[in-house]
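In the UniProt record's numbering, the protein residues as written are 1 to 402. Read the structure below first, then the notes.
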Ligand code: FDA
């Protein structure tokens, strides 16, 4: 059966549902299509099942994009306080955690039900599960060929997300639609992802799997306008294949293959200075001294990796050796050989080039009536609720403009 709508939104995830609800409540006839059998799986699994739905301090500085100014407009017109207003309206209990991150007290399912209710208030029509064969321009509008028949719409919003976690339904449909209409796509790559290291060079650290500690992590690559620099103080986790934890997820989005990441395992202390200044008064063994500052297994692993015996006496070691050890702890530079990829990545960096879009409406400049929102676009947030804030803000911008 052929149906005509003002707006067809492809992808009923965070951005798609927000956009459909806003457009529907403005009186637009909206259809929301998704190929998944379960609604909004990414929201469901987010934040360990409690959905870190925004970050109270979210601003343009928390996002990566080849065009860093693009996100300012949408973020300023739909803020974390606006989303919190919706949460309060639906009486969802929430709490603030670490660094402004807001979570549901109970379950991320509440966010899904809230967005579903907002769509119902806008009389949104659902087509789910629904396979989309192709999209084509026809006259002033578009035709979507689906396994449930053709859908005609004056406007189409692409909200199909990124490539992360393919097993719950991520596809490249958004990028394919962009390319079909000759829009530039910045090469997608996994972000917020654990990093891996060469088997043999990582061997000494394998026994450290499970150790977690707060570190400073940084990385730098490129020059001039292409320069990227990330710096975070967060928890690091050693795994069997490499490094993970919030520190590594954060830095992974800034990391360029072939370049090192820099770790400071004791950011509050100049280890070399401390070792040298106490060596005359300390008759202790090196392993015991480091064990006061670092988890014992980590201290052991670091000494082994630096060719130092656990029972070496601090007083017997030359300053040069202590300086080298201090560097290994305060300035540990390691080059990852890759990442755990899309199966573990929380987000996809890159996507539809924002220079193809209006920052007010998210509509493409070349194809009137075609919009891109959410993670499909080259705007990627840090870890900590920023990616949902972008989904809400970009969804609101499009839903309000159509
Ligand atoms: P989203 O992925 O939500 O939705 C895309 C929709 O499009 C899906 O419903 C999909 O089925 C549909 N689709 C895809 N291809 C299609 C096709 N070919 N045909 C039809 N439909 C199609 N962020 C955050 O801020 N706080 C957090 O706590 C977390 N936690 C988190 C945990 C984990 C494990 C992951 C993987 C990710 C997070 N994130 C997060 C990131 C966050 O989930 C993500 O950035 C947003 O869901 C993106 O919203 P979108 O609506 O753009 O895509």
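Note that the Cβ used here is the ideal one computed from N, Cα and C, for glycine as well.
Problem set entry | Euclidean distance between Cα positions of residue 75 and residue 196 | If you take the alpha carbons of residue 75 and residue 196, they lie about 33 Å apart.
For this session: Could you tell me which of 269, 89, 321 and 172 sits nearest to residue 113, measuring between CA atoms?
Result: Nearest neighbour of residue 113 by Cα position, chosen from 269, 89, 321 and 172, turns out to be 89.
Exercise. In this structure, does DSSP put residue 128 in helix, strand or coil?
Worked result: Three-state result, residue 128: coil.
For this session: Report the partner residues of residue 409 according to the DSSP bridge assignment.
Result: Coverage of the chain is limited to positions 1 through 402, which leaves residue 409 absent and any answer about it impossible.
Exercise. So is residue 301 buried or exposed if we call it buried at 16+ other beta carbons inside 10 Å?
Worked result: Looking at its Cβ environment, which holds 16 or more other Cβ atoms inside 10 Å, residue 301 is buried.
Exercise. On the three-state DSSP scale, how would you describe residue 171?
Worked result: The answer is coil: DSSP assigns residue 171 none of H, G, I, E or B.
Exercise. Would the beta-carbon of residue 361 fall within 8 Å of that of residue 391?
Worked result: Cβ atoms of residue 361 and residue 391: not closer than 8 Å.
Exercise. Taking 7 Å as the line, does the beta carbon of residue 400 fall inside it for any heavy atom of the ligand FDA?
Worked result: Distances between the C-beta of residue 400 and the heavy atoms of the ligand FDA are all 7 Å or more.
Exercise. Cβ of residue 175 versus every heavy atom of the ligand FDA: is any distance shorter than 7 Å?
Worked result: Taking 7 Å as the cut-off, one finds no heavy atom of the ligand FDA near enough to the beta carbon of residue 175.
Exercise. So what does DSSP say about residue 99, is it helix, strand or coil?
Worked result: Note: residue 99 maps to helix in three-state DSSP.
Exercise. Is the stretch 208 to 220 touching the stretch 373 to 393, taking contact as three or more C-beta pairs under 8 Å?
Worked result: Flag = no, the stretch 208 to 220 and the stretch 373 to 393 do not touch.
Problem set entry | Start-to-end residues for the beta strand (DSSP E) that takes in residue 189 | Counting along the chain, residue 189 sits inside the beta strand (DSSP E) bounded by residues 185 to 191.
Exercise. Is the closest heavy atom of the ligand FDA to the C-beta of residue 291 under 7 Å?
Worked result: Proximity of the beta carbon of residue 291 to the ligand FDA is not indicated: no heavy atom of the ligand is located closer than 7 Å.
For this session: Please report how far the alpha carbon of residue 369 lies from the alpha carbon of residue 131, in whole angstroms.
Result: Computed Cα separation, rounded: 22 Å.
Exercise. Thinking C-beta only, is residue 94 closer than 8 Å to residue 105?
Worked result: In this structure, residue 105 sits near residue 94, with a CB-CB distance shorter than 8 Å.
For this session: Could you give the DSSP three-state label for residue 233: helix, strand or coil?
Result: In the structure shown, residue 233 sits in a strand (DSSP, three-state: E or B).
Problem set entry | Nearest-angstrom beta carbon gap, residue 357 and residue 189 [assumed within contact, 8 Å] | Wrong, their Cβ atoms sit about 20 Å apart, outside the cutoff.
Exercise. If you count every other CB in all the chains shown that lies within 10 Å of the CB of residue 203, and 16 or more means buried, which is it?
Worked result: By the 16-neighbour rule on beta-carbons within 10 angstroms, residue 203 is exposed.
Exercise. Who are the near neighbours of residue 270 in its chain, counting only those whose CB is closer than 8 Å to its CB and skipping five residues on each side?
Worked result: So the qualifying residues of the chain are 326 and 330.
Exercise. Going by alpha carbons, who is nearest to residue 364 out of 387, 401 and 274?
Worked result: Cα-wise, what sits closest to residue 364 is 401.
For this session: Take residue 57 and list the residues in its own chain whose beta-carbon comes closer than 6 Å to its own, dropping the five residues that flank it on each side.
Result: Excluding residues within five positions, the ones whose Cβ falls inside 6 Å are 100.
Exercise. If you count every other CB in all the chains shown that lies within 10 Å of the CB of residue 160, and 16 or more means buried, which is it?
Worked result: With 16 or more Cβ atoms within 10 Å of its Cβ, residue 160 is classed as buried.
For this session: Pull up the distance between the alpha-carbon of residue 182 and that of residue 176, whole angstroms please.
Result: Near 10 Å, if we compare the C-alpha coordinates of residue 176 and residue 182.
Exercise. So residue 351 is in the alpha helix (DSSP H); what residue range does that whole segment cover?
Worked result: Careful: residue 351 lies outside any alpha helix (DSSP H), inside the beta strand (DSSP E) at 347 to 352.
Exercise. Should residue 168 and residue 217 be called a contact, given that it needs their Cβ atoms to be closer than 8 Å?
Worked result: Going by C-beta atoms, residue 168 is not nearer than 8 Å to residue 217.
Problem set entry | Any chain C beta carbon closer than 8 Å to residue 189 | The structure shown contains no chain C, having only a single protein chain.
Exercise. Alpha helix (DSSP H) containing residue 31: first to last residue?
Worked result: Where residue 31 is concerned, there is no enclosing alpha helix (DSSP H), although the beta strand (DSSP E) around it starts and stops at 30 to 33.
For this session: With a 10 Å radius around its C-beta and 16 neighbouring C-beta atoms as the bar for buried, classify residue 460 as buried or exposed.
Result: In the structure as shown, the chain begins at 1 and stops at 402. Residue 460 is therefore absent and cannot be evaluated.
Exercise. Is the beta carbon of residue 228 less than 8 Å from the beta carbon of residue 205?
Worked result: The answer is no: Cβ separation not under 8 Å.
Exercise. Is residue 82 near the ligand FDA, with its Cβ less than 7 Å from a heavy atom?
Worked result: Residue 82 Cβ: outside cutoff for every heavy atom of the ligand FDA.
Exercise. Is the stretch 338 to 346 touching the stretch 305 to 312, taking contact as three or more C-beta pairs under 8 Å?
Worked result: Under the Cβ criterion (8 Å, minimum of three pairs), the stretch 338 to 346 does not count as touching the stretch 305 to 312.
Problem set entry | Range covered by the beta strand (DSSP E) that runs through residue 55 | In the DSSP assignment, residue 55 falls within the unbroken beta strand (DSSP E) covering 52 to 55.
Exercise. When every heavy atom of the ligand FDA is checked, does at least one fall within less than 7 Å of the C-beta of residue 388?
Worked result: Within the cutoff, so yes.
Exercise. Given that a residue counts as buried once 16 or more other Cβ atoms are within 10 Å of its Cβ, and exposed if not, what is residue 121?
Worked result: Result: exposed.
For this session: Determine the contact status of residue 65 and residue 256, defining contact as a CB-CB distance below 8 Å.
Result: No, the Cβ-Cβ distance between residue 65 and residue 256 is not below 8 Å.
For this session: Mind reading off the beta-carbon distance from residue 10 to residue 156? Whole number of angstroms is fine, and I expect it under 8 Å.
Result: With 8 Å as the limit, residue 10 and residue 156 qualify as a contact, their Cβ atoms being about 7 Å apart.
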